[in-house]
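Data first, discussion second: the structure below is written as structure tokens.
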Amino acid sequence: QIAAAIGGTLPPVMWDGVTSFTVPGGASTTPEGGIFVNDGPLLNLNLKIQGAPPTNAQPEVAKMLMLATLPEPAKIVLPAAQEARAR
472 QIAAAIGGTL
482 PPVMWDGVTS
492 FTVPGGASTT
502 PEGGIFVNDG
512 PLLNLNLKIQ
522 GAPPTNAQPE
532 VAKMLMLATL
542 PEPAKIVLPA
552 AQEARAR
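Residue numbering for the sequence shown follows this note's numbering, beginning at 472 and increasing consecutively.
See the structure below:
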């Protein structure tokens with residue numbers, strides 16, 4: 472049904488579009504730092520709120536959601552014993 476709604480083909484990236492959700496304890500929050508997708512195209516269902524029914528979807532295909540250069544993640548270093556086993 473989703474593919475038919477957007478012209479027949481699903482893009483490689485799909486997102487429900489939820490930007491507000493409830494955390495344990497009942498407080499509403501949004502993702503810290505936002506959502507970054509720059510390897511589109513992507514399908515955004517635009518549901519906006521956690522728990523929204525699928526009937527609220529307003530699907531759209533976009534080239535990218537946001538273009539940003541993210542910092543390089545910290546280097547992953549294995550414990551010495553594990554590194555030795557890998558050799």
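Cβ coordinates follow ideal geometry from the N, Cα and C atoms, glycine included.
Nearest to Ser499 by alpha-carbon distance, out of Gln521, Gly478 and Leu481, is Gln521. Here Pro530 is near Ile477, since their CB atoms are less than 7 Å apart.
Annotation for Lys534: Gly511 and Pro512 place their beta carbon closer than 6 Å to its own, counting only its chain and skipping 5 residues before and after. In the DSSP assignment, Ala533 falls within the beta strand (DSSP E) that extends over Glu531 to Ala533. By DSSP's assignment, Phe507 forms no beta bridge with any residue. Residue range Val489 to Thr493 is occupied by the beta strand (DSSP E) that includes Val489.
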